[in-house]
Amino acid sequence: MTSVDSASVSVTQAPFGILPDGAHVSVFTLSNRQGMQVKVLDFGAIISEIHVPDRNGTFADVVLGFERIEPYLHNAAFLGAVIGRFGNRIAEGRFSLDGNDYQLAVNNPPNHLHGGLQGFHQVMWHAEPFTRDDAVGVTFTRSSPDGEDGYPGKLDVTVVYELDNDNALSLRYHAMTDQATPINLTNHSYFNLAGQGHILGHELSINADRYLPVDAGSIPTGELADVAGTPFDLRQPTVIGDSIDLPHEQIRIGRGYDHNFVLNKQAGQLLNLAAKVRDPASGRVMQVYTQEPGIQFYSGNFLDSSQYGKLRAISYRSALCLETQHFPDAPNQAHFPSTILRPGAVYQTETVYRFSAE
């Protein structure tokens with residue numbers, strides 16, 4: 095084990111397993127002065143553990159994950175991983191750009207989902223740990239070659255995970271390309287602030303007046319619908335279990351929540367509060383701040399106990415995702431915010447998960 099320390103903040107590196115091609119996977123443990131710990135892998139840039147205290151100071155791991163590398167090789171639920179090149183769905187895996195037609199993998203029939211069959215969640219990243227007096231983290235980098243998963247252009251990507259002493263975990267994304275390409279990076283961590291059980295008792299608010307209805311294949315219809323009077327009105331803290339099975343066509347399609355919300359933005363504000371989750375039993379709170387225009391709330395509707403995670407089965411509605419992102423199918427819907435990155439331009443965005451207890 096190697097480590098770099100500064101006062102009581104630290105980052106340590108340890109073996110996590112070996113891939114079928116012989117590559118050695120490492121786990122990096124980030125620790126701050128409050129005792130919070132975040133564990134990340136250089137395979138998939140995966141967040142495998144987040145340990146935060148409750149109102150009594152008792153720590154629990156609040157994300158789903160695995161204890162060994164092998165299950166991550168079949169990570170159909172994308173647990174904890176960086177998602178790229180394009181988070182969420184692209185209809186039929188097709189898009190046109192600058193007069194050229196592109197066909198991506200159809201890995202969520204009939205659509206393309208979360209970057210494809212390989213995606214950024216199934217590759218090794220180069221990792222460089224760092225530490226400062228006020229924060230500790232890891233910088234992950236990789237170069238995605240032209241044609242990877244069907245996407246055009248060579249894309250150089252940097253993702254920085256940084257944990258500060260106020261229990262805020264920052265995710266900063268940076269990318270440049272040599273050819274126009276869609277890009278929509280996010281992280282696919284599954285949160286359960288109780289550290290066990292299900293998330294139906296969690297209280298959630300999302301700072302959005304509108305959301306994106308979807309068709310039967312979970313592709314946005316193009317409408318930016320008003321949340322008022324629907325189960326998607328989460329502007330005030332709402333117990334998830336009270337609204338997740340309400341009679342509504344969009345809830346039926348998603349088997350619960352699996353929708354993108356159009357975030358409200360405050361003028362002149364770089365990072366906006368997108369969502370807040372609270373577990374009343376433990377008092378743990380997570381606030382999500384982002385530069386992104388949207389957030390996908392997924393309530394774990396397709397988790398089915400077919401895989402066993404850390405100490406428990408990964409079961410139905412046992413965790414939720416809040417994926418900050420541009421809108422699904424944006425390459426095919428011109429009125430959505432653009433996801434096209436061009437040579438000479440820089441893709442740069444930040445999301446912060448801030449933990450506390452009440």
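Quick note on our numbering: the sequence shown kicks off at 95 and runs consecutively. Positions of the beta carbon are idealized from the N, C-alpha and C atoms, including for glycine.
Residues of its chain near residue i, where Cβ-Cβ distance is below 7 Å and the 5 sequence neighbours each way are ignored
| i | result |
| --- | --- |
| Q197 | G187, R188 and G244 |
| E161 | K404 |
| Q360 | N366 |
| S409 | L397 and S399 |
| Y166 | F137, G138, I140 and F160 |
| G181 | H208, N278, L279, T280, E417 and Q419 |
Nearest-angstrom Cα separation, counted from residue j out to residue i
| i | j | result |
| --- | --- | --- |
| Y351 | R411 | 10 Å |
| P204 | E444 | 31 Å |
| T275 | S393 | 30 Å |
| G174 | C415 | 9 Å |
| T233 | E222 | 5 Å |
| L135 | P239 | 22 Å |
| E452 | R372 | 9 Å |
| V132 | G193 | 44 Å |
| L207 | R378 | 31 Å |
| G323 | G213 | 38 Å |
| I389 | I177 | 14 Å |
| E242 | L113 | 20 Å |
| Q290 | N150 | 17 Å |
| Y447 | V157 | 12 Å |
Secondary structure of residue i, DSSP reduced to three states
| i | result |
| --- | --- |
| Q128 | coil |
| E343 | helix |
| P203 | coil |
| L158 | coil |
| Q216 | helix |
| E317 | coil |
| S142 | strand |
| S237 | strand |
| S450 | strand |
| D115 | coil |
| L257 | strand |
| E386 | coil |
| L167 | helix |
| D250 | strand |
| G323 | coil |
| G231 | strand |
| D192 | coil |
| N426 | helix |
| A439 | coil |
| I177 | strand |
| A274 | coil |
Residues near residue i in its chain [Cβ-Cβ closer than 6 Å; skip 5 each side]
| i | result |
| --- | --- |
| F449 | V146, N261 and M380 |
| I345 | P325 |
| L318 | R304 and V356 |
| T96 | With a pLDDT of only 43 at T96, under the threshold of 50, the placement of this residue in the model should not be trusted; the figure read from the coordinates follows. Taken in chain order, the residues that qualify are Q107. |
| P109 | none |
Nonlocal neighbours in the same chain, by C-beta distance under 8 Å from residue i, ignoring five residues either side
| i | result |
| --- | --- |
| S428 | According to the sequence provided, residue 428 is Ala. The question's Ser does not apply to it. Same-chain partners within the cutoff: there are none. |
Cutoff 8 Å: residue i Cβ touching any chain C Cβ
| i | result |
| --- | --- |
| D423 | In the displayed structure, chain C is absent; only one protein chain is listed. |
Review point. For the segment 430-443 against the segment 264-276, are there 3 or more C-beta pairs whose distance is under 8 Å?
Key: Note that the segment 430-443 touches the segment 264-276; at least 3 beta-carbon pairs, one per stretch, sit closer than 8 Å.
Review point. Along the chain, which unbroken stretches of the beta strand (DSSP E) at least 3 residues long are found entirely within the segment 284-312?
Key: 297-300 and 302-305
**Study point:** 4-residue-minimum alpha helix (DSSP H) runs that sit fully inside the segment 357-415, ordered along the chain
**Key:** Entirely contained in the segment 357-415, not one alpha helix (DSSP H) run reaches 4 residues.
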